[in-house]
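*Asks:* Under my numbering, think of the first position of the sequence shown as 4, with each following residue one higher.
The beta-carbon is built from N, C-alpha and C at its ideal position, and this holds for glycine as well.
Source: prediction; values computed, not measured.
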Amino acid sequence: MSEIAKQAVVLVSGGLDSATTLAIARRAGFACHALSFDYGQRHRFELEAARAVSAALGAVDHRVVTLDLTAAGGFGHSALTDRIDVPKAGPGAGIPVTYVPARNTIFLSIALGYAEVVGAFDIFIGVNAVDYSGYPDCRPAFIAAFERLANLATAAAVEDKGRFTIHAPLIDLTKGQIIRTGLSLGVDYSLTHSCYDPSADGASCGQCDSCRLRRAGFEQAGVRDPVRYR
Ligand code: ZN
Numbered sequence: 004m005s006e007i008a009k010q011a012v013v014l015v016s017g018g019l020d021s022a023t024t025l026a027i028a029r030r031a032g033f034a035c036h037a038l039s040f041d042y043g044q045r046h047r048f049e050l051e052a053a054r055a056v057s058a059a060l061g062a063v064d065h066r067v068v069t070l071d072l073t074a075a076g077g078f079g080h081s082a083l084t085d086r087i088d089v090p091k092a093g094p095g096a097g098i099p100v101t102y103v104p105a106r107n108t109i110f111l112s113i114a115l116g117y118a119e120v121v122g123a124f125d126i127f128i129g130v131n132a133v134d135y136s137g138y139p140d141c142r143p144a145f146i147a148a149f150e151r152l153a154n155l156a157t158a159a160a161v162e163d164k165g166r167f168t169i170h171a172p173l174i175d176l177t178k179g180q181i182i183r184t185g186l187s188l189g190v191d192y193s194l195t196h197s198c199y200d201p202s203a204d205g206a207s208c209g210q211c212d213s214c215r216l217r218r219a220g221f222e223q224a225g226v227r228d229p230v231r232y233r
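1. Is residue 207 near the ligand ZN, judged by its Cβ being under 6 Å from some heavy atom?
2. Return the CA-CA distance between residue 175 and residue 69, expressed in angstroms with no decimal places.
3. Can you look up residue 87 in the DSSP assignment and give me helix, strand or coil?
4. Inspect the CB distances between the stretch 75–92 and the stretch 208–225 and report whether three or more fall short of 8 Å.
5. If you count every other CB in all the chains shown that lies within 10 Å of the CB of residue 166, and 16 or more means buried, which is it?
6. Could you check if residue 35 belongs to the surroundings of the ligand ZN, using beta carbon to heavy atom distance under 6 Å?
7. Is residue 200 near the ligand ZN, with its Cβ less than 6 Å from a heavy atom?
8. Looking at residue 141 and the ligand ZN, is the gap between the Cβ and the nearest heavy atom below 6 Å?
9. By the DSSP assignment, the beta strand (DSSP E) with residue 38 in it spans what residues?
10. Once DSSP output is grouped into helix, strand and coil, what is the label at residue 20?
11. Assign residue 120 to one of two classes, buried (16 or more other C-beta atoms within 10 Å of its C-beta) or exposed (fewer than that).
12. Between which two residues does the alpha helix (DSSP H) containing residue 173 stretch?
13. Find out if the Cβ-Cβ distance for the pair residue 206, residue 233 is shorter than 7 Å.
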């Protein structure tokens, strides 16, 4: 009897962390349903990267859910979705203005609903609490709390069809370790996109927090970053 692959939902933003997470889920044998969000982010370029990464790493499908989290849509309040300058001077104190209100809770909630629909009990998210910007929804306590919620909130869990696991395989890794892991799993980082404020043709700024973390990670890993900087 052939074994049927377990299904997983993987949040794929198009950045290097989520690409690595997808590669880890694939290596673990999961049939992966990639999920991305068009939430009005100014770096919409990453959605094209998410599509390319999902195809290259063999996701069974890739779905883009549209949510208007922009100021025009009544949300905003973030440098990623509003007319607020993306900081370029390096990390400051406190939670940066690139924080999108409750973003990972929103994304994981939709991933949970989608998981119930496709019959998955495993959800992968590429959050990292080492080389990160200090967002509260990237911390281990948040992931553990969301996993508890998932097992209280769904018919699939309450009817004992399975137990949800929120996998955050990068949470304790440095950026350099993430990149080395991905390279060992065959991730093509030239397909990924990290910049919060790319130019119209998709070149990365090299100065925003996300670019800085990425560049430092490639330096730590001792390999050249294949993305284009302006
Ligand atoms: Zn940048």
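*Replies:* So, from the listed chains and residues:
1. yes
2. 30 Å
3. coil
4. yes
5. exposed
6. no
7. yes
8. no
9. For residue 38, the uninterrupted beta strand (DSSP E) segment begins and ends at 34–41.
10. DSSP, reduced to helix, strand and coil, places residue 20 within a helical segment of the structure shown.
11. exposed
12. Neither: residue 173 is in no alpha helix (DSSP H) and is coded neither H nor E.
13. yes
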